[in-house]
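When we follow the numbering used here, the leftmost residue of the sequence shown carries the number 2, and every step to the right adds one.
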Amino acid sequence: MKRRARRRLARPRFGPATKLVLTLVLAVSTLAACGETGRPRHSQAAPSTSAVPTTRPDVPTTREPPMQPSKPVDLRVIPAPVSARSNGVAGFTLEPTARIVTQTGSPEVGRIGRYLAGILRPSTGYDLPVVSGGGTDQAIVLRLDGDPGLGAEGYRLEVSAATVTLQAHGPAGLFHGVQTLRQLLPASVERSGVQRGPWRLPAVRVEDRPRFAWRGAALDVARHFFTVAEVKRYIDLISLYKLNTLHLHLTDDQGWRIAIDGWPRLATHGGSTQVGGGRGGYYTKKDYQSIVGYARDRYVTVVPEVDVPGHVNAALASYPQLNCNGRAPELYTGTHVGFTSLCLRKAVTYRFLDDVLGELAALTPGPYLHIGGDEADTVPEDQYAKFMERVQRMVEAHGKHAIGWQEAAKGTLLDASVVQYWDTRSSPAAVRRAAQQGNKVVMSPASKVYLDMKYDAHTRLGLEWAGHVEVRDAYDWDPGTLLDGVDAGHVLGVEAQLWSETLEGISDAERMAFPRLPGVAEVGWSTASSRDWEGYRHRLAEQAPRWAAMGVSYHRSPQVPWAG
Ligand code: TNX
Numbered sequence: 002m003k004r005r006a007r008r009r010l011a012r013p014r015f016g017p018a019t020k021l022v023l024t025l026v027l028a029v030s031t032l033a034a035c036g037e038t039g040r041p042r043h044s045q046a047a048p049s050t051s052a053v054p055t056t057r058p059d060v061p062t063t064r065e066p067p068m069q070p071s072k073p074v075d076l077r078v079i080p081a082p083v084s085a086r087s088n089g090v091a092g093f094t095l096e097p098t099a100r101i102v103t104q105t106g107s108p109e110v111g112r113i114g115r116y117l118a119g120i121l122r123p124s125t126g127y128d129l130p131v132v133s134g135g136g137t138d139q140a141i142v143l144r145l146d147g148d149p150g151l152g153a154e155g156y157r158l159e160v161s162a163a164t165v166t167l168q169a170h171g172p173a174g175l176f177h178g179v180q181t182l183r184q185l186l187p188a189s190v191e192r193s194g195v196q197r198g199p200w201r202l203p204a205v206r207v208e209d210r211p212r213f214a215w216r217g218a219a220l221d222v223a224r225h226f227f228t229v230a231e232v233k234r235y236i237d238l239i240s241l242y243k244l245n246t247l248h249l250h251l252t253d254d255q256g257w258r259i260a261i262d263g264w265p266r267l268a269t270h271g272g273s274t275q276v277g278g279g280r281g282g283y284y285t286k287k288d289y290q291s292i293v294g295y296a297r298d299r300y301v302t303v304v305p306e307v308d309v310p311g312h313v314n315a316a317l318a319s320y321p322q323l324n325c326n327g328r329a330p331e332l333y334t335g336t337h338v339g340f341t342s343l344c345l346r347k348a349v350t351y352r353f354l355d356d357v358l359g360e361l362a363a364l365t366p367g368p369y370l371h372i373g374g375d376e377a378d379t380v381p382e383d384q385y386a387k388f389m390e391r392v393q394r395m396v397e398a399h400g401k402h403a404i405g406w407q408e409a410a411k412g413t414l415l416d417a418s419v420v421q422y423w424d425t426r427s428s429p430a431a432v433r434r435a436a437q438q439g440n441k442v443v444m445s446p447a448s449k450v451y452l453d454m455k456y457d458a459h460t461r462l463g464l465e466w467a468g469h470v471e472v473r474d475a476y477d478w479d480p481g482t483l484l485d486g487v488d489a490g491h492v493l494g495v496e497a498q499l500w501s502e503t504l505e506g507i508s509d510a511e512r513m514a515f516p517r518l519p520g521v522a523e524v525g526w527s528t529a530s531s532r533d534w535e536g537y538r539h540r541l542a543e544q545a546p547r548w549a550a551m552g553v554s555y556h557r558s559p560q561v562p563w564a565g
């Protein structure tokens with residue numbers, strides 16, 4: 002499959018004249034998602050500067066047109082941008098007098114300016130005032146008047162000796178551009194105490210926008226509870242790689258983690274423990290709102306999951322009336338799956354669900370609620386299908402759309418419902434059928450993006466049911482060719498799962514997510530033709546000093562040529 006994909010995606014060879022025209026078209030066009038990247042492939046260790054001028058391997062330098070305005074550069078940035086070219090002039094050095102200038106009155110631009118200042122001030126020790134309007138000398142300028150072709154999340158970054166200009170059409174684009182800017186600065190910018198400069202940026206012009214709209218990371222806060230501060234830390238880490246969706250798995254057999262006003266024991270009893278029997282926890286509404294707000298400020302949408310009809314022991318233990326026999330089971334602290342179900346024939350079950358979904362919808366600014374639907378092994382198929390259809394309708398009645406695990410596709414899907422592919426052991430036929438009917442698919446193939454799988458037989462944490470998932474496995478695949486009959490056009494995006502049966506806190510989570518998560522982020526953002534493992538693993542190696550500066554735990558996979 003991979004070889005076939007490569008052949009189909011092979012880049013055409015162009016003569017110099019055609020190349021120049023293409024370059025110009027690219028500069029003014031909408032950066033078509035699968036177009037020419039302007040970024041050369043390379044296959045050897047790269048120097049440690051943040052941008053290295055290179056030439057295209059397929060076009061000899063001597064035959065470049067004489068007036069070529071700029072050369073492609075290979076930026077040390079993840080995810081790889083659509084296009085990056087050298088300006089051919091000196092770069093920018095951030096001086097103590099530098100300012101951040103917001104050139105549009107929108108409060109969001111001011112907030113992004115302050116966010117950028119918050120990253121740069123501690124390590125540079127500079128004042129970096131954020132001002133609206135004014136001169137652009139020694140300034141980082143943020144502008145919202147970018148080409149509409151950049152889309153909601155794209156940006157253009159231009160670095161000259163005097164000014165850094167970041168332009169976007171939507172605020173999310175500016176935010177993503179800030180992440181590129183941040184990665185172009187030395188890793189020590191991530192430290193919390195004052196460091197020595199110089200704070201140099203290479204002279205580049207970057208034009209960039211994502212391939213897929215949904216670029217997600219899922220965190221299972223049900224098996225082990227993660228505090229608000231830990232979730233915010235994870236949000237910071239995923240947004241560094243331009244991920245825009247945080248899927249929170251809020252309920253499972255071992256814990257119910259979100260307060261529901263109408264059903265308070267779900268959280269106070271159902272959330273009281275976790276895997277292994279430790280003290281669990283739950284989010285009050287205020288806690289949850291603070292997570293959602295923190296995410297929103299980083300252009301990350303939170304998708305809450307209430308997993309039904311299976312994975313519900315914590316709910317059943319909290320309310321006897323939810324059980325068919327009217328008796329509440331004990332809380333569960335093991336790691337088995339598939340043994341619980343709501344009582345599908347009782348009216349109270351649907352009142353309960355409607356209350357829960359209604360309260361969650363009110364807490365959710367984004368368009369989606371996740372309704373689970375996986376591993377409901379004790380529920381007969383026909384009842385399961387009817388139930389899942391009814392729950393989708395409830396979600397729609399609360400003004401949202403449903404997303405469900407791939408099992409949900411065996412029944413009837415509403416037009417706007419999304420299917421999440423995960424189980425690489427079972428047939429994808431229902432997912433394919435759903436895609437052909439027009440339902441969008443989020444790709445989370447367990448054998449590639451399940452960050453809770455061990456890297457190899459020696460990994461201390463994690464599970465192995467989907468096999469070992471090494472750094473290359475998580476990176477070297479294409480969501481548009483993974484499943485026959487599910488093309489890129491059917492794919493809403495990708496999402497990396499972090500199930501927490503074996504993870505007891507953010508440091509464990511980081512060790513499993515890094516270094517695999519940035520690879521999934523690049524799968525979701527970068528064009529298929531701009532990605533290659535050889536170049537990627539060298540770029541990835543250069544992220545390590547950044548993680549060290551941020552105190553991120555990571556696994557030193559032998560597949561990556563770590564420096565030092
Ligand atoms: C499968 S992925 C599950 C989860 C487990 C995970 C462990 C999915 C929809 N269900 O309940 O935590 O495997 O890897």
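Don't be surprised by glycine CBs; every beta carbon is placed ideally from N, CA and C.
Close beta carbons around residue i, own chain, < 8 Å, minus the five adjacent residues each side
i	result
Val-293	Val-303, Leu-364, Thr-365, Pro-366
Ala-564	Ser-49, Ala-542, Glu-543, Ala-545, Pro-546
Glu-331	Ala-318
Met-193	Met is not the amino acid found at residue 193; the sequence shown has Ser there. These residues qualify, in order along the chain: Pro-123, Ser-124.
Leu-220	Phe-227, Val-232, Tyr-235, Leu-247, His-248, Leu-249, His-250, Leu-499, Ser-501, Ala-510
Check whether residue i and residue j have beta carbons under 7 Å apart
i	j	result
Leu-358	His-312	no
Gln-196	Leu-241	no
Pro-172	Glu-109	yes
Ala-436	Val-442	yes
Asp-453	Leu-518	no
Leu-143	Leu-158	no
Leu-247	Val-160	no
Thr-105	Thr-137	no
Gly-374	Gly-405	yes
Thr-482	Ser-448	no
Ser-71	Gly-89	yes
Ile-141	Ile-101	yes
Gly-174	Leu-202	no
Thr-334	Asn-314	no
Arg-512	Ser-558	no
Val-205	Ala-91	no
Spatial neighbours of residue i in its chain, beta-carbon cut-off 6 Å, leaving aside the 5 residues before and after
i	result
Tyr-231	The amino acid at residue 231 is misidentified as Tyr; the sequence shows Glu. Closer than 6 Å at Cβ, skipping near neighbours: Ile-507.
Met-551	Glu-191
Gly-520	Ala-475, Tyr-476
Arg-115	Val-131
Glu-505	His-225
Ser-273	Gly-281
Thr-350	Leu-343, Cys-344
Thr-503	Leu-462, Gly-463
Ala-417	His-402
Neighbourhood of residue i by C-beta, 7 Å cutoff - its chain only, sequence neighbours within 5 removed
i	result
Tyr-295	Lys-233, Ile-236
Arg-538	Gln-560, Val-561, Pro-562
Asp-488	Gly-481
Pro-80	Tyr-242, Lys-243, Ala-522, Glu-523, Trp-526, Ser-527
Ala-118	Ile-101, Leu-129, Val-131
Arg-540	Arg-77, Ile-79
Lys-3	Note that Lys-3 has pLDDT 34, beneath the 50 cutoff, so the model's placement of it is unreliable and the number below is only indicative. None.
Pro-321	Gly-327, Arg-328, Ala-329
Checklist entry - In chain order, which continuous runs of the beta strand (DSSP E) of length 3 or greater are located wholly inside the segment 90-172? => result Look at the segment 90-172 and you find these whole runs of beta strand (DSSP E), each 3 residues long or longer: 93-95, 100-103, 131-133, 140-144, 156-160, 164-169.
Checklist entry - Is the segment 481-494 touching the segment 175-190, taking contact as three or more C-beta pairs under 8 Å? => result Taking 8 Å as the limit for Cβ pairs, the verdict is that the segment 175-190 does not touch the segment 481-494.
Item to check | Ranges of the beta strand (DSSP E) found wholly within the segment 221-283, counting only runs of at least 3 | outcome: 246-250
Checklist entry - At what residue ranges does the segment 312-373 contain a whole run of the alpha helix (DSSP H), taking only runs of 4 or more? => result 314-319, 348-364
Checklist entry - Below 8 Å, can you find three or more Cβ-Cβ pairs linking the segment 208-227 to the segment 267-284? => result yes
Item to check | Inside the segment 284-311 only - beta strand (DSSP E) runs reaching at least 3 residues | outcome: 302-309
Next on the checklist: Between the segment 396-416 and the segment 446-458, can you find at least three pairs of beta-carbon atoms closer than 8 Å?
Outcome noted: no
Checklist entry - When the Cβ atoms of the segment 205-221 are set against those of the segment 523-539, are three or more pairs found closer than 8 Å? => result Segments in contact, yes.
Next on the checklist: For the segment 323-333 against the segment 382-395, do three or more pairs of beta-carbon atoms, one drawn from each stretch, fall closer than 8 Å, so that the two count as touching?
Outcome noted: no
Item to check | Segments of 3+ residues assigned as beta strand (DSSP E) that fall wholly inside the segment 395-445 | outcome: Complete beta strand (DSSP E) runs here, min 3: 402-406, 419-422, 441-444.
Checklist entry - Of all the alpha helix (DSSP H) runs that stay within the bounds of the segment 459-508, which reach a length of 4 or more residues? => result Counting whole runs of 4 or more residues, the segment 459-508 contains the alpha helix (DSSP H) stretches 472-476.
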